[in-house]
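Residue numbers (the UniProt record's numbering): 1 to 110.
Here a beta-carbon is modelled for each residue, glycine too, at the ideal position from N, C-alpha and C.
For clarity, every value in this text was computed on a predicted model and none was experimentally measured.
What follows is one structure encoded as structure tokens, with my remarks underneath.
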Amino acid sequence: MGWTSQHCCVPLCANSSKYNSSISFHSFPKDMSVRAEWIVRVRREDFTPSKTSRVCSRHFQKGDFVNNPGKLRKLKKGAIPTLFSWNDFQIPAPRANCRALYLSCPLTWL
């Protein structure tokens, strides 16, 4: 079986590894108390995370990551996701690509 893209399981988050390689995706922790806190924070009704359930890096503070320049992003032990749309955290819109900018320009600019 080949590689498939990962998706964030947080409601209202559409992040996918297919479209954004700068975002990392993190499995639910094995530590049951930390795992339970993640489940509460994610706010999905009747949700039981599977082995493929992931939370993307956009829901963690910068200080939640181990400093490993040039290596995979890894969360510190006990890190909890805290940044969500329901607590007024705004994820900046991705930069528009050149084609989208070109197509949105008025013809007088050409």
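Item, Value
"Return the residue from the list Cys13, Ala79, Ser57 that minimises the CA-CA distance to Arg44.", "Cys13"
"Assign Ser85 to buried or exposed, taking buried as 16 or more other Cβ atoms, counted over all protein chains shown, within 10 Å of its Cβ.", "exposed"
"So within the UniProt domain \"THAP-type\" (1-84), which uninterrupted alpha helix (DSSP H) runs reach at least 4 residues, ignoring any that extend past its ends?", "32-42"
"Short of 7 Å in beta carbon distance, which residues of its chain neighbour Pro11, apart from the five on each side in sequence? Order them along the chain.", "Arg43, Arg44"
"Below 7 Å between beta carbons: does that hold for Asn15 and Cys9?", "no"
"Taking Arg58 and Leu83 to be in contact with their CB atoms under 8 Å, please state how far apart those CB atoms are, rounded to whole angstroms.", "7 Å"
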